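Asks: First the structure, then my questions, so here it is.
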Amino acid sequence: MGALQPDLPSPIMIPQNWHLTIIDLKDYFFTIPLHLGAAPKIAFTAKLSHSFFHQNAAALCRTFALKRLQAKDIIAACPDCQHHN
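Counting from 1, one number per residue, gives the positions in the sequence shown under UniProt numbering.
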């Protein structure tokens, strides 16, 4: 199991022959289908991310699984990016 990780039980405390599954969602967030109710949260996160990093439409699509038109709308609404359009 490797080095101790925060929020994981100590290996000594796990009963013998106890099956333990660890799922790391950090890197595979969008491989798990999201509930449609989560879509506004994702769009808000994309807008916030663009306000800090000013990604192009392709990067927004890839990072947040947006449609190209949604990504272009986020960029068009950005006041800092208006002079580039």
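Every residue, glycine too, gets a C-beta built ideally from N, C-alpha and C. On a predicted model such as this, the values are computed, not experimentally measured, just so you know.
(1) Compare the Cα-Cα distances from P6 to each of I22, A38, H35 and A65 and report the closest residue.
(2) Between which two residues does the alpha helix (DSSP H) carrying L69 extend?
(3) Find the nearest neighbour of D80 within the set T63, N56, F64 and H35, judged by alpha-carbon distance.
(4) Once you ignore the five residues that flank A46 on each side, which residues in its own chain have a CB closer than 7 Å to its CB?
(5) What span of residues does the alpha helix (DSSP H) with C61 cover, start to end?
(6) Comparing C-alpha positions only, which one of A77, H19 and I14 sits nearest to S51?
(7) When we look at the beta-carbon of A38 and count the other beta-carbons within 10 Å, is it buried (16 or more) or exposed?
Replies: With the given structure in hand:
(1) Your numbering for residue 6 matches position 6 in the sequence shown. Minimum Cα-Cα distance from P6 among the listed residues I22, A38, H35 and A65 corresponds to I22.
(2) Taking the sequence shown and counting its residues from 1, the one referred to as residue 69 is at position 69. Counting along the chain, the alpha helix (DSSP H) containing L69 begins and ends at R68 to A76.
(3) For this step, residue 80 is matched to residue 80 along the sequence shown. Per the C-alpha coordinates, the member of T63, N56, F64 and H35 positioned closest to D80 is N56.
(4) Your numbering for residue 46 matches position 46 in the sequence shown. If we look at A46 and ignore the five residues flanking it on each side, its Cβ neighbours are L60, F64, L66 and I74.
(5) Residue 61 sits at position 61 when you count from the first residue of the sequence shown. Element bounds for C61: A57 to F64.
(6) Counting from 1 along the sequence shown, the entry for residue 51 is found at position 51. Ranking the options by Cα distance to S51, first place goes to A77.
(7) Position 38 of the sequence shown, counting from 1, holds the residue named residue 38. Label assigned to A38: exposed.
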